[in-house]
Amino acid sequence: MKIPRTSARKSLGGFTLVEMLISVSIMTIVIVGTFNIFIFYLRSYNATTLMRTSATRASLALDRMVYGVGTNYGLREAPHAGVTISNVASTFWKISYTNNTYFQWSSASRCIIDQTGKQLGTNIVASTLSTNGSGCTISLSVAESGGGRILTNTMSTFVQFRN
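Letter by letter, the sequence shown follows residues 1 to 163 in this note's numbering.
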């Protein structure tokens with residue numbers, strides 16, 4: 001009678017070293033890919049937040065100048081004949097009108113203030129004020145920093161003075 005040979009390796013229900021290395025390699029690739037996607041979305045969220053914040057600051061500063069704050073009249077209420085503009089290159093401007101009401105910006109302070117000293121806008125890194133016959137154009141560049149980034153948003157508006 002012939003006795004069958006038994007195989008040297010009997011299945012014990014475990015994994016071989018090669019199978020474990022392959023599964024660990026696949027899991028590592030999946031984890032690294034997921035982490036990279038997370039970092040991408042985190043940076044994207046940070047950039048979007050900075051852009052939104054700088055746009056909000058610029059828009060709010062322009063709105064406060066154009067429409068006024070509290071009992072102060074904004075530039076829309078300024079009579080054309082009573083407006084005085086002081087403009088010194090790209091480092092300072094001041095616009096005055098009715099009853100010593102004014103708005104001014106300087107590159108040193110990086111903010112727009114009114115006659116009471118109230119800040120109407122902050123983090124303004126650049127601004128221009130130009131006039132024509134019927135009104136003025138105001139442009140603001142607001143910078144925000146965070147997460148190792150600095151983002152700048154520029155907005156401008158034209159204000160037509162009253163007759």
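For each residue, glycine too, the CB sits at the ideal point set by N, CA and C.
Asked	Found
Asn163 beta carbon near the ligand MN (any heavy atom closer than 7 Å)	Looking for the ligand MN in the displayed structure turns up nothing, as the structure carries no ligands at all.
Range covered by the beta strand (DSSP E) that runs through Leu129	124 to 131
Run of the alpha helix (DSSP H) containing Arg64, from where it starts to where it stops	17 to 67
Length of the line joining the Cα atoms of Ile37 and Arg52	22 Å
Backbone secondary structure at Ala81 - three-state DSSP	helix
Cα-Cα separation between Gly68 and Tyr41, rounded to whole angstroms	39 Å
Expected contact under 8 Å - CB spacing of Cys111 and Ile124 to nearest Å	6 Å
Whole-angstrom distance between Arg149 and Gly82, CA atom to CA atom	43 Å
Identified DSSP bridge partners for Lys94	Ser86, Gln104
Burial state of Arg43 (16 or more Cβ within 10 Å)	exposed
Three-way DSSP call (helix, strand, coil) for Arg110 in this model	coil
Beta-carbon spacing of Ile113, Met65 below 8 Å	no
C-beta atoms of Gln104 and Gly135 nearer than 8 Å	no
Endpoints, beta strand (DSSP E) assigned at Thr157	149 to 160
Residue(s) in a DSSP beta bridge with Leu140	Ser127, Met155
Straight-line gap, Thr71 to Leu60 (C-alpha atoms, nearest Å)	17 Å
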